[in-house]
Amino acid sequence: MDIPVIDNGGQWTHKEWRVLRDLGVSTQILPNTTRLSEIRADGLVLSGGAPRVGLHEKKMGRNGEYLDGAEFPVLGICAGLQFMAIHFGGEAHPAITPEFGKASLTVEIQDALFSGLPAQFEVWESHNDEVTRAPDGFEILARSADCPIQAIRSLKRPLYGVQFHPEVEDTKFGREIFQNFVRTCEEWRR
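FYI, the numbering for the sequence shown is 46 to 235, going by my numbering.
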């Protein structure tokens with residue numbers, strides 16, 4: 046099982062890599078300038094990024110190429126989610142209430158990403174921007190009090206995005222979210 050992490054300049058990209066490695070996944074951190082044709086993968090994680098990077102297509106390297114051409118599941122985290130939403134016709138803007146630190150996540154739809162997890166748990170946030178409108182063909186999976194779109198998924202392809210940081214130890218069930226994503230990648234490969 047190969048699931049690389051695309052580096053969009055996030056402060057915790059190495060933690061995403063480490064969680065995958067600790068789950069027994071073959072993984073590496075790749076710059077976001079890597080061509081999709083050069084990536085051998087069963088899944089892909091689009092990391093978070095520097096402030097405001099998710100709102101700017103040029104700063105996100107080849108993320109659009111990955112989203113358009115990937116024939117495997119993709120998980121976008123923070124800026125990865127924001128870029129995914131914009132790329133497919135949704136909207137992301139500066140948050141009315143930026144979130145930093147702990148927040149209570151409410152899972153609205155318990156899909157594959159949140160399988161076996163409680164309907165509410167604490168997550169770690171670090172964002173000034175947020176998705177304000179999900180793209181057509183996506184559904185909202187989770188929310189928090191200050192951010193109504195905390196997680197989305199495509200109804201047509203295995204594309205997922207989360208605003209919070211499952212790779213950070215302060216997120217409850219973060220490892221399980223990654224396990225669920227790995228399981229989705231395994232099922233997709235079959």
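Backbone N, C-alpha and C fix where the C-beta goes; we use that ideal spot for every residue, glycine too.
Predicted, not measured: the structure shown is a model, and the values here were computed from it.
{"Query": "Go ahead and label Gln208 buried or exposed: buried means 16 or more other beta carbons lie within 10 angstroms of its beta carbon, across all protein chains shown.", "Result": "buried"}
{"Query": "Ignore the nearest five residues each way along the sequence and tell me which others in Glu167's own chain have a CB closer than 8 Å to its CB.", "Result": "Lys147, Ala148, Ser149, Leu150, Asp215, Thr216, Lys217"}
{"Query": "Name the DSSP bridge partner or partners of Pro76?", "Result": "Asp52"}
{"Query": "In whole angstroms, what separates the C-alpha of Ile195 from that of Ala187?", "Result": "Inspection of the sequence shows that residue 195 is occupied by Gln rather than by Ile. Going by the C-alpha atoms only, they are around 5 Å apart."}
{"Query": "Using C-beta distances below 7 Å, list every residue in its chain close to Trp233, excluding the 5 sequence neighbours before and after it, in chain order.", "Result": "Phe117, Pro118, Pro203"}
{"Query": "Going by DSSP, what residue range makes up the beta strand (DSSP E) through Lys5?", "Result": "Shown here, the chain extends from 46 to 235; a query on residue 5 therefore has no answer."}
{"Query": "Tell me the rounded alpha-carbon separation between Thr177 and Pro193.", "Result": "8 Å"}
{"Query": "Would you grab the beta carbon distance between Gly55 and Gly93 for me? Rounded to a whole angstrom, and I think it's under 8 Å.", "Result": "3 Å"}
{"Query": "Please return the same chain residues whose Cβ sits closer than 7 Å to the Cβ of Thr229, not counting the five positions on each side in sequence.", "Result": "Pro118, Ala157, Pro203"}
{"Query": "Measuring alpha carbon to alpha carbon, tell me which residue in Pro143, Pro49, Ala137 is nearest Pro76.", "Result": "Pro49"}
{"Query": "Do Arg107 and Asp174 have their beta-carbon atoms positioned less than 8 Å apart in this structure?", "Result": "no"}
{"Query": "Which class does Val70 belong to by DSSP, given the choice of helix, strand or coil?", "Result": "coil"}
{"Query": "For Asp17, which residues in the same chain have their Cβ closer than 6 Å to its Cβ, ignoring the five residues on either side in sequence?", "Result": "Outside the shown range of the chain (46 to 235) lies residue 17, about which nothing can therefore be said."}
{"Query": "What is the rounded straight-line gap between the Cα of Asp89 and the Cα of Ile154?", "Result": "Before going further, note that residue 89 is Leu rather than Asp in the sequence given. Taking the straight line joining both Cα atoms gives about 22 Å."}
{"Query": "Of the choices Trp62, Met46, Arg63, Ile222, whose alpha-carbon is the least far from that of Phe159?", "Result": "Ile222"}
{"Query": "Should Thr78 be flagged as near chain D, meaning a C-beta pair shorter than 8 Å?", "Result": "Any reference to chain D falls outside this structure, which holds one protein chain only."}
{"Query": "Could you check which residue in Gln165, Glu184, Gly161, Thr78 has the C-alpha nearest to that of Asn225?", "Result": "Gly161"}
{"Query": "Would Met105 and Glu231 qualify as a contact pair, given that the criterion is a beta-carbon distance under 8 Å?", "Result": "no"}
{"Query": "Return the chain-ordered list of same chain residues with a C-beta closer than 7 Å to the C-beta of Leu139, the five sequence neighbours on each side being excluded.", "Result": "The question names Leu, yet the displayed sequence has Pro at residue 139. If we look at Pro139 and ignore the five residues flanking it on each side, its Cβ neighbours are Asn173, Asp174."}
{"Query": "Give me the residue from Pro143, Asn53, Phe145, Val152 with the minimum Cα distance to Ala95.", "Result": "Asn53"}
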